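Protein chains in written order, with UniProt numbering: chain A, 1 to 339; chain B, 1 to 339.
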C-alpha cells in the first residue's frame, strides 16, 4: 500500500541519537525528503539532546507509546526490543513503520525490502516494512542482476564487517583503542567480546545451535526472502574487522547458467545501486575506507572461479550505515510516496 | 636425503635482519637447534648490524656468493630475487637450502614441505627445499587430517592476512599509521598500495591474467603440490587486514565423504600442529591477537555447511611468521637432521 499522497510527510526517527539515527538525518537532508514535521525520538536518557537538521535545531523527545500521533512514516533504528514494543503503537497511530531491527524481518506479514531487488514487496505491508540486515543488503544488491541472468544456486560469503555495524559506541571503542595503544595506555574492551584494534573477531550476534551465528543465519534466511527464491542457499562466515565504517564481502556465487566475468561486469554496470570498480592494473578495487559515505555498493575483483563450472568470485563493499541501513530505509519511504 | 649426521651444524640465515629473520633466531634458540657456527647474512645495507642470539652477539655479514663455505643448512628469507641469485651458490658450497621465498616452490625438482603434511618429501631434495606460502601452510595443516579421512574435492577460502606478512616495514607502517592518526597527523603510505589502518585491501602480491592475485594462485598451486593430490581445487580471496601478526582464514571444504563437525573436531584434535579452540558459548574461537607468538594453528567455528552435502566450514588462525614461515622452515631442518 502506498502512502496517501501529500505534499510533505510527518516523519519520526526512533533511535535518533544512535549511529544509524544520525545517518537517517544526513540522508533525509541530502535527498531533500519532503518533510512536514520531524520528530526525533530516543530513550529517556537521550531525551532533551539537541540535534540540528538542515537549519533547524530539534530537541530529542522520549520514546513512548504516544509518540506517534500524526506521524506518516516512522523510521526505527533502536534495537529489536524497542521495535517490538513500540512499532505496534506507531502502526496503531496510522504511521507506516520502516524498521531497521531484526524484530519483524522473518514475519510472514512483514515485507523485507531492498528497493533495487524487490521494490514491489514494499507495497504489500500491513503497517510495518522491515529493513534487512546490513551485510545482507550489500550482498543482495550485487546478487540480484546475477540471479536474474543466471539463477543463483549457492553463495559462499565471508564478511569483513566494520565496527560501526555494532553501533556508534563500538566505533568509538575502536578509535579509543587506537589512541590508548598509541599512548601506551591500557585498552578498554566493552562493546566487543575482545579487543578489536589489530584483531579480527569471527563472531557477530549470538551463536545458534547449528554453529552459525545469528548474523550468518540472517544472511541465509533474509537472502531467500528478499530475492523471493527459497532455493538460493547462502553459507556465511561473518567477521568483525578493525574498520570504522563500510562492510566488505568476499563472495563466491554458483549459478545455473554460466556468467563470465565480462558478462557479470556488464550486468553489474547496468544494475541500480552498483558501481563497478575493478581495475587491478591501477590497484583499483573497492575498499571500506573509500566506500564510506557513498550510497552505492562497489563491486570488484570479478573473476571466474577456477575450481567449479558456473561459479564466479567477486568482492563487494558498501557503507553499512547508508545502503546497509539508513539509505535503504529512506529508499523504501521514497517508494511508498512515489505512487 | 638426510643431512650427514653431526653433533652440531653450521647454519646460515639469509635475510637475518627481516621480519622472518628475527623469528628464525627466536625459534632456533627456543628449540635449542644444535648449532655449531651461526652466520647471519643480509644485504650490504644491513651488514655490520649486531644481533644477539642466546648470549652471543653476532655481526651481520654481507650476502655474497662466497658466504656459504662450510655451511650445512642455509635458511633463506630475503625475497625471491635473492633466493634465485644466491641459493645455487649455497648448494654448490654443500649446504641444504630451505627457502622461504616463492622462487623455487613450483620447481619439479624442489620439494615443497609442511612437516605435518608431507614430511617424506623433505628427503627428496636436490639441495633446495621450498617453504610454502604462509597462508597456504596455515590452511594445509588444517586440511590434511580432513583430506586423509574424507578426501577433499574443493576448498573455498577467504583470508584475513596481517601486516607483517608483507614484512617488518609493513607492520611498522600499520603501527605508525595508528600513532599518526591518534595524533591527528597525516598518515604515510609506502609499504601497502593504500592506507591499511581502519581499512582492508583485497590485493596481496601482483594480479594475474585470470583475475586472481599471485597470492591466491599460490594457495591453488601449492596446496595441490604439498598435499600430493592434483584433484584438490582451491579458490581463494586474499585480503590484507589491519592486524599486526597472524593470518586468519574462513574455509569451506567439500569432501567426497561426509565429515560431521564432531568428526572434524576429533580429526583436528588428533592431528599434529593443530589446537582446537571452539567454545562459542564462552566466546572462545581463534583470533590473531591471541594466536600471535604461538607455534600451532588454531581451529574453531567448526560447523556443517547447511548449503551443501559433505561440506564443512571452519576458521583457522596461525602465526604466519612462525608456522607460516620460520617455524616451518626450522621444522624441515629438524626433519633433515633427525634421520
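We treat Cβ as the ideally placed atom computed from N, Cα and C, and that holds for glycine.
Bear in mind the structure is a predicted one, so any value in this text is a computation, not a measurement.
Give the residues of chain B in contact with residue i, contact being defined as C-beta atoms less than 8 Å apart.
i: residue 154 of chain A; result: 307, 308
i: residue 287 of chain A; result: 194, 199, 200, 201, 202
i: residue 160 of chain A; result: 160, 200, 239, 241
Quick one: is residue i buried, meaning 16 or more other Cβ sit within 10 Å of its Cβ, or exposed?
i: residue 189 of chain A; result: exposed
i: residue 56 of chain A; result: exposed
i: residue 120 of chain A; result: exposed
i: residue 111 of chain A; result: buried
i: residue 81 of chain B; result: exposed
i: residue 206 of chain A; result: exposed
i: residue 195 of chain A; result: buried
i: residue 301 of chain B; result: buried
i: residue 34 of chain B; result: exposed
i: residue 105 of chain A; result: buried
i: residue 158 of chain A; result: buried
i: residue 328 of chain B; result: buried
i: residue 186 of chain B; result: exposed
i: residue 247 of chain B; result: buried
i: residue 210 of chain A; result: exposed
i: residue 282 of chain B; result: exposed
i: residue 278 of chain B; result: buried
i: residue 296 of chain A; result: buried
i: residue 65 of chain A; result: exposed
i: residue 292 of chain A; result: buried
i: residue 18 of chain A; result: buried
i: residue 171 of chain A; result: buried
i: residue 216 of chain B; result: buried
i: residue 70 of chain A; result: exposed
i: residue 45 of chain A; result: exposed
Quick test of your reading: residue i and residue j, contact by CB under 8 Å. State the CB separation rounded to the nearest angstrom.
i: residue 146 of chain B; j: residue 267 of chain B; result: 6 Å
i: residue 299 of chain B; j: residue 286 of chain B; result: 7 Å
i: residue 322 of chain B; j: residue 313 of chain B; result: Actually they do not touch by this definition, with Cβ atoms about 25 Å apart.
i: residue 95 of chain B; j: residue 12 of chain B; result: 7 Å
i: residue 182 of chain A; j: residue 178 of chain B; result: 6 Å
Residue i and residue j: beta carbons closer than 8 Å?
i: residue 250 of chain B; j: residue 77 of chain B; result: no
i: residue 252 of chain A; j: residue 305 of chain A; result: yes
i: residue 59 of chain B; j: residue 50 of chain B; result: yes
i: residue 135 of chain B; j: residue 275 of chain B; result: no
i: residue 114 of chain B; j: residue 132 of chain B; result: yes
i: residue 20 of chain A; j: residue 139 of chain A; result: no
i: residue 47 of chain A; j: residue 62 of chain A; result: yes
i: residue 243 of chain A; j: residue 199 of chain B; result: yes
i: residue 118 of chain A; j: residue 228 of chain A; result: yes
i: residue 152 of chain A; j: residue 307 of chain A; result: no
i: residue 173 of chain B; j: residue 273 of chain B; result: no
i: residue 160 of chain A; j: residue 239 of chain A; result: yes
i: residue 3 of chain A; j: residue 99 of chain A; result: no
i: residue 234 of chain A; j: residue 155 of chain A; result: yes
i: residue 9 of chain B; j: residue 332 of chain B; result: no
i: residue 347 of chain B; j: residue 102 of chain B; result: Since the first residue of chain B shown is 1 and the last is 339, residue 347 of chain B is not available in this structure.
Could you name the residues of chain A that residue i contacts, counting a contact when the two beta carbons are closer than 8 Å?
i: residue 233 of chain B; result: 306, 307, 308
i: residue 248 of chain B; result: 200, 202, 239
i: residue 261 of chain B; result: 211
What residues from chain A crowd round residue i, counting only those whose CB sits closer than 9 Å?
i: residue 138 of chain B; result: The contacting residues do not exist; residue 138 of chain B stays about 14 Å from chain A at best.
i: residue 220 of chain B; result: 306, 307
Starting from the beta carbon of residue i, find every residue of chain A whose beta carbon is closer than 7 Å, and list them in chain order.
i: residue 303 of chain B; result: 210, 211, 212
i: residue 3 of chain B; result: Near residue 3 of chain B there are no residues of chain A at all, since even the closest Cβ is about 38 Å away, more than 7 Å.
i: residue 244 of chain B; result: 198
i: residue 283 of chain B; result: 193, 203
i: residue 313 of chain B; result: 235, 237
Can you pull the chain B neighbours of residue i, defined as C-beta to C-beta under 7 Å?
i: residue 252 of chain A; result: 156, 235
i: residue 280 of chain A; result: 207
Name the chain B residues whose beta carbon is nearer than 9 Å to that of residue i?
i: residue 182 of chain A; result: 175, 178, 179, 180, 181, 182, 183
Contained beta strand (DSSP E) runs [length at least 3] in the segment 121 to 202 of chain B, N- to C-terminal order: Every beta strand (DSSP E) of 3 residues or more that sits fully in the segment 121 to 202 of chain B is shown, in chain order, as 128 to 130, 152 to 160.
Any beta strand (DSSP E) of 3 or more consecutive residues that is wholly inside the segment 226 to 301 of chain B: Note on the segment 226 to 301 of chain B: whole beta strand (DSSP E) runs with a minimum of 3 residues are 233 to 237, 247 to 255, 274 to 276, in chain order.
Contiguous beta strand (DSSP E) assignments of at least 3 residues, all confined to the segment 21 to 87 of chain A: The segment 21 to 87 of chain A contains these whole beta strand (DSSP E) runs: 35 to 42, 50 to 53, 56 to 59, 73 to 76.
Beta strand (DSSP E) segments (min. 3 residues) lying fully within the segment 299 to 337 of chain B: Fully contained in the segment 299 to 337 of chain B are the following beta strand (DSSP E) runs of length 3 or more, in chain order: 311 to 318.
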